[in-house]
Amino acid sequence: MRSRDEALAILQQLKGEIRSRFHVIRIGIFGSVARGEQVDSSDIDILVEFSQPVGFFTFLELEEFLSDHLEAPVDLVTPDALKPLIRDRITSEVAYA
Numbered sequence: 030m031r032s033r034d035e036a037l038a039i040l041q042q043l044k045g046e047i048r049s050r051f052h053v054i055r056i057g058i059f060g061s062v063a064r065g066e067q068v069d070s071s072d073i074d075i076l077v078e079f080s081q082p083v084g085f086f087t088f089l090e091l092e093e094f095l096s097d098h099l100e101a102p103v104d105l106v107t108p109d110a111l112k113p114l115i116r117d118r119i120t121s122e123v124a125y126a
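Throughout the sequence shown, residue numbering follows our numbering, covering 30 to 126 in sequence.
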């Protein structure tokens, strides 16, 4: 399982490709990996913001791309998809690449 710093370093390295290929303007991690509480079975929770609307298949392609490079399951969400009850907690703990 990747640490917070390892995951952020990989996202930072991929940032150029992620921006051009998937129209991402901001990407970061939250959840157990961001808090340093991950276990071997943890996924990596990623918050992503797009510069333009993307389709379902592009979204899934990005999720798979990130999972392949991070070598861990990824749960990809957008700010709009966050439930109001947890939005503030997640946005306060997200670590952006």
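For every residue, glycine included, the Cβ atom is placed at its ideal position computed from N, Cα and C.
Q) How many Å lie between isoleucine 151 and isoleucine 75 at the Cα? A) No answer is possible for residue 151: the residues shown for the chain start at 30 and end at 126.
Q. Excluding sequence positions up to five away, which residues of its chain have a Cβ less than 6 Å from the Cβ of aspartate 104?
A. Asp72, Asp74
(Q) I need the boundaries of the beta strand (DSSP E) containing leucine 89, first residue and last residue. (A) From DSSP, leucine 89 is part of no beta strand (DSSP E) but of the alpha helix (DSSP H) over 85-99.
Q. Where are the alpha helix (DSSP H) runs, 4 residues long or more, that stay fully inside the stretch 32-84, in chain order?
A. 33-51, 61-64
Q: Find the nearest neighbour of glutamate 92 within the set Gly45, Ala63, Val77, judged by alpha-carbon distance.
A: Val77
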